[in-house]
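> Under the working numbering, the sequence shown is numbered contiguously, ending at residue 602. Below is the structure I would like to discuss, written out as structure tokens.
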Amino acid sequence: MTRAADSRNSLPERHATLYAGWLLALGCADAAAVQYSEGPYTSIQVNVDAAGRNIPGDAANETTIAINPVNPANIVIGWRQFNTVTSPDVQGGWAYTNDGGANWHFPGTLPSLEGQLRTDPVLDVDSAGNFYYQSLAHGSVKGTSVFKSEDGGKSWQAPVHMFDGDKNWMIVDRTGGASDGHIYSTWRDDPKGNNFIRSTNAGATFDAPLKIPVEFGFGTLAVGPNGELFVVGRNELDEYVDEVPSRSTFHPYFFFKSENARDASATPSFSVQALNMGGAAATFHGGRNPNKFGTNGDAQVAVDRSKGPMRGNVYVLANLDPPGEDNLDIHFIRSGDGGKTWSEPVRVNDDKPSADHWQWFAMMGVADNSRIDAAWYDTRDSGNYKVSRLYYAYSWDGGVTWSKNRPVSPPFDTHVGLPARSSKIGDYTHLRSDRHGAHIAYAATFNGEQDVYYLNVFPDCNGNGTSDVRDIESGKASDANANHIPDACETNRLAGDLDGDGDVDRRDIDLLLSARNQPASGPDDPRDIDGNGTIDMLDARKLTLSCTRPRCATE
48 MTRAADSRNS LPERHATLYA GWLLALGCAD AAAVQYSEGP YTSIQVNVDA AGRNIPGDAA
108 NETTIAINPV NPANIVIGWR QFNTVTSPDV QGGWAYTNDG GANWHFPGTL PSLEGQLRTD
168 PVLDVDSAGN FYYQSLAHGS VKGTSVFKSE DGGKSWQAPV HMFDGDKNWM IVDRTGGASD
228 GHIYSTWRDD PKGNNFIRST NAGATFDAPL KIPVEFGFGT LAVGPNGELF VVGRNELDEY
288 VDEVPSRSTF HPYFFFKSEN ARDASATPSF SVQALNMGGA AATFHGGRNP NKFGTNGDAQ
348 VAVDRSKGPM RGNVYVLANL DPPGEDNLDI HFIRSGDGGK TWSEPVRVND DKPSADHWQW
408 FAMMGVADNS RIDAAWYDTR DSGNYKVSRL YYAYSWDGGV TWSKNRPVSP PFDTHVGLPA
468 RSSKIGDYTH LRSDRHGAHI AYAATFNGEQ DVYYLNVFPD CNGNGTSDVR DIESGKASDA
528 NANHIPDACE TNRLAGDLDG DGDVDRRDID LLLSARNQPA SGPDDPRDID GNGTIDMLDA
588 RKLTLSCTRP RCATE
């Protein structure tokens, strides 16, 4: 059964109570697996029984996804699995598909010893299609290990111990060069002060852990076109915010680069620099926040490994606490010189700043045709910190400009179905990009409980329910200027139409004002209307004069 959601892009905040009532109506978990749709995008439940139906009474969160490069229809998703919501017994759940995500097989959980619990799942895959599942164990036997699957995620070999540490992340080198197959991992500092490890033999063994020379956490890794290794994370030293007792901030974000981790004979070393993301990482401890006692997601780093002109660009995306009343926004920066210098931060979410608008659990990927995909949880439509939905945006120009934000899931309450002694919906979600779109694994409560969903999103500027890339490749749409955007979507684009909705209105003015007094991103920045290199009130006045809707400056 498929339930279609309201496809409108926004809802006035006064309707938050209607959202709550709608959610309550969906809150009864039944035995039928349900697919939930928002426009052309369908979320398919992953943690299902052998008949493909929902398993009432369990909980699942903290998702990770990997796609087989040899057979892209073979996808594996991992998560934290609670067999009953009333038990704190958490294990490493996983499921696989061989038909591109239409149907999922959930064999159970990773092997564990008596009294052993599993958390912090991370999946990746090597160039040959072997999957790797990293899992942190607590309880009777502690430590982080990696499991390997050579059969598309159907089964897993015995675990190989990696290190003792928390908040781990892992990546496998798929560059095709000498370092292809290397496995890298970072984590928060362990008792010995270490936070990095490497395998140069496809996970059979791991080198001794070592220390990256800054204390950081809640980050990710990326491998460059030539095997360079990039790491990003937030400072672990927090600052307590007196006026907001439930909030701590962490500043700055750090960027690390290793040129020799790819060399199996060398001891990896890293350069480090602080990043200006336009705000600080924030953690909210209970109180009025969307993830109760969980985090807001990991800082994201990705690299363009295409054959095009943006090859080698490095990108960082993070949800952070910006200046002003807004609690969390999504900011993006880019480097065109391997991380030596960085652009000014760009705000990716295009809503009007508000204390009731939370953008969190940010995800990012880069496709082999240079498109950047970003997705996140967002409360803008409900005005209620408990009720989020997934939003999606993409960029074809290296993150200089972004598409209009689009909701890609129905709303859901992130405060229901919380597992025993784990008052959160996990600490992160995960996205992988391919040339046609992005593949997302995320947790939601459409069934009145925490479940895992697979979602395929894609650029669809012409609204025909098919990826713009497929339209152009198949000849259904023309792209005369080869910018990956169907010509029909650009023919009537108005000067000053910053959000691409076909008119110049208050929303465009708000987008310009949100970047006021910032330098333009370049000579073609559409917000710098007077061309003086700065986005300022002169630009806002000129834009107001070009409004195509009556009274747009005051509506």
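Quick reminder that beta carbons are idealized off the backbone N, C-alpha and C, glycines included.
Please name the residue in Gln82, Asp220, Val169 whose C-alpha comes closest to that of Asp345.
Measuring from the Cα of Asp345, the nearest candidate turns out to be Val169.
> Using C-beta distances below 7 Å, list every residue in its chain close to Ile472, excluding the 5 sequence neighbours before and after it, in chain order.
Closer than 7 Å at Cβ, skipping near neighbours: Asn108, Asn338, Gly341, Thr461, Ala490, Gln497.
> Considering only C-alpha positions, which residue in the set Asp237, His404, Gly140, Gly186 is nearest to Lys201?
Closest option to Lys201, Cα to Cα, is Gly140.
> Is the CB-CB distance between Asn273 and Thr314 below 9 Å?
Not a contact, by the Cβ cut-off of 9 Å.
> Roughly how many angstroms separate the alpha carbons of Ser318 and Glu262, rounded to a whole number?
In a straight line, the C-alpha of Ser318 is about 13 Å away from that of Glu262.
> What residues in its chain sit with their C-beta under 7 Å from that of Asn150, if we drop five residues either side in the sequence?
Excluding residues within five positions, the ones whose Cβ falls inside 7 Å are Gly99, Thr144.
> Can you give the Cα-Cα distance for Arg453 and Asn509, rounded to whole angstroms?
Going from the Cα of Arg453 to the Cα of Asn509 covers about 13 Å.
> What residue range does the beta strand (DSSP E) around Asp399 cover?
Note that residue 399 is Lys in the sequence shown here, rather than Asp. Premise fails: Lys399 is in no beta strand (DSSP E) and is neither H nor E.
> Report yes if the C-beta of Ile218 is less than 8 Å from at least one heavy atom of the ligand ADP; otherwise report no.
With respect to the ligand ADP, the structure shown offers nothing to examine, as it has no ligands at all.
> Kindly list the residues whose CB is nearer than 7 Å to the CB of Asp586, restricted to its own chain and excluding five residues on each side of it in sequence; keep chain order.
Leu559, Arg574, Asp575, Ile576, Asp577.
> Less than 9 Å between the beta carbons of Gly250 and Lys195, yes or no?
Yes.
> Who are the Cβ neighbours of Glu372 in its own chain at under 8 Å, not counting the five residues just before and after it?
Taken in chain order, the residues that qualify are Pro400, Ser401, Ala402.
> Does the structure place the stretch 110-123 close enough to the stretch 184-193 that three or more beta carbon pairs sit under 8 Å?
These segments do not touch.
> Give the single residue among Val551, Ser561, Tyr500 whose Cα lies nearest to the Cα of Val95.
It is Tyr500 whose Cα lies nearest to the Cα of Val95.
> Could you check the C-alpha separation between Tyr83 and Ser90 for me, to the nearest Å?
So the two alpha carbons sit approximately 5 Å from each other.
> Can you have a look at Asp77 and say buried or exposed, based on whether 16 or more other CB atoms are within 10 angstroms of its CB?
Only weak support is given to the placement of Asp77: the predicted model assigns it a pLDDT of 46, under 50, and the question is left unresolved by the model.
> With 16 other CB atoms within 10 Å as the buried threshold, where does Lys387 fall?
Burial call: exposed.
> So within the stretch 133-208, which uninterrupted beta strand (DSSP E) runs reach at least 3 residues, ignoring any that extend past its ends?
With a minimum length of 3 residues, the continuous beta strand (DSSP E) runs that stay inside the stretch 133-208 are 137-144, 152-156, 163-172, 178-186, 190-196.
> If you draw a straight line from the C-alpha of Trp389 to the C-alpha of Ala422, how long is it?
Their Cα atoms are separated by approximately 22 Å.
> State the Cα-Cα distance for the pair Asp425 and Leu164, rounded to the nearest angstrom.
Near 31 Å, if we compare the C-alpha coordinates of Leu164 and Asp425.
> Sorted by chain position, which residues of the same chain lie with C-beta nearer than 6 Å to Pro531's C-beta, five sequence neighbours on each side aside?
The question names Pro, but residue 531 in the sequence shown is His. The answer, listed in chain order, is Trp443.
> For His332, count neighbouring Cβ atoms within 10 angstroms of its own Cβ and tell me buried if that reaches 16, exposed if not.
Exposed, by the Cβ-count rule.
> According to DSSP, is Ala98 part of a helix, a strand, or is it coil?
It is coil, neither helix nor strand.
> Nearest by alpha-carbon distance to Asn323: which of Ser316, Asp310, Ala365 is it?
Nearest of Ser316, Asp310, Ala365 to Asn323, Cα basis: Ala365.
> Let me know the secondary structure DSSP gives Leu276 once reduced to three states.
Three-state DSSP puts Leu276 in a strand.
> Where does Thr426 sit, in a helix, a strand or coil, going by DSSP?
Three-state DSSP puts Thr426 in coil, outside helix and strand.
> Do Glu275 and Arg309 have their C-beta atoms closer together than 9 Å?
Yes; because the gap between Cβ atoms is below 9 Å, this pair is in contact.
> I need the straight-line Cα distance from Pro87 to Gly512, nearest angstrom please.
Pro87 and Gly512: Cα-Cα distance of roughly 5 Å.
> According to DSSP, what are the bridge partners of Asn452?
DSSP lists no partner for Asn452.
> Let's test the definition: count the other Cβ atoms within 10 Å of the Cβ of Lys214 and tell me whether it reaches 16, buried, or not, exposed.
So Lys214 counts as buried.
> Using a Cβ-Cβ cut-off of 7 Å (strictly less than) and excluding sequence neighbours within five positions of Gly383, which residues of its own chain qualify?
Only Asn360 meet the Cβ criterion.
> Taking only the alpha-carbon atoms, compute the straight-line gap between Ser232 and Cys536 and give it to the nearest angstrom.
Their Cα atoms are separated by approximately 42 Å.
> Following the continuous alpha helix (DSSP H) through Glu520, name the residue where it begins and the one where it ends.
First-last of the alpha helix (DSSP H) with Glu520: 515-521.
> Between the C-alpha atoms of Tyr300 and Thr131, what's the straight-line distance to the nearest angstrom?
Spanning the two alpha carbons is a distance of roughly 37 Å.
> In terms of residue numbering, what span does the alpha helix (DSSP H) encompassing Lys589 cover?
It spans 584-592 - the alpha helix (DSSP H) in which Lys589 sits, taken as one unbroken run.
> Which term fits Ala527, buried or exposed, when burial requires 16 or more other beta carbons within 10 angstroms of its beta carbon?
Per the 10 Å Cβ criterion, exposed.
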